[in-house]
Amino acid sequence: MASFVERLLAQGNVRRLVIEKPSGGVLLESSLTTAVAVVGLFTIMAPVLTAIAAIAALLVEVRVKVVYIGKPPRR
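First residue of the sequence shown? That's 1312 in this note's numbering, and the numbers climb one at a time after it.
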């Protein structure tokens, strides 16, 4: 997940990051810069909680939606 977010930041045209439940309900919606800052701070301040959150994220089915400014990059 961290490398995924790093690639998004490098593109520079990502506006928002939305994490949704499989049913379509929104769990988290944030600007990408804010989300990265919070995750970085959380990682530095509480590494054990970060590890628990990472494991929970792997076990839960969620959908990550990336909202771009302009056209999204080609794959």
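Backbone N, C-alpha and C fix where the C-beta goes; we use that ideal spot for every residue, glycine too.
- Close CB contacts of Val-1373 within its chain, under the 7 angstroms cut and outside five residues either way in sequence, are with Ile-1330, Glu-1331, Lys-1332, Leu-1338 (chain order).
- For Val-1375, the enclosing beta strand (DSSP E) begins and ends at 1374 to 1379.
- Rounded to the nearest whole angstrom, the CA to CA distance from Lys-1376 to Gly-1336 is 12 angstroms.
- For Val-1349, the secondary structure class from DSSP, reduced to helix, strand or coil, is helix.
- If you ignore the 5 residues before and after Thr-1354, its C-beta comes within less than 8 angstroms of the C-beta of Thr-1361, all in its own chain and listed in chain order.
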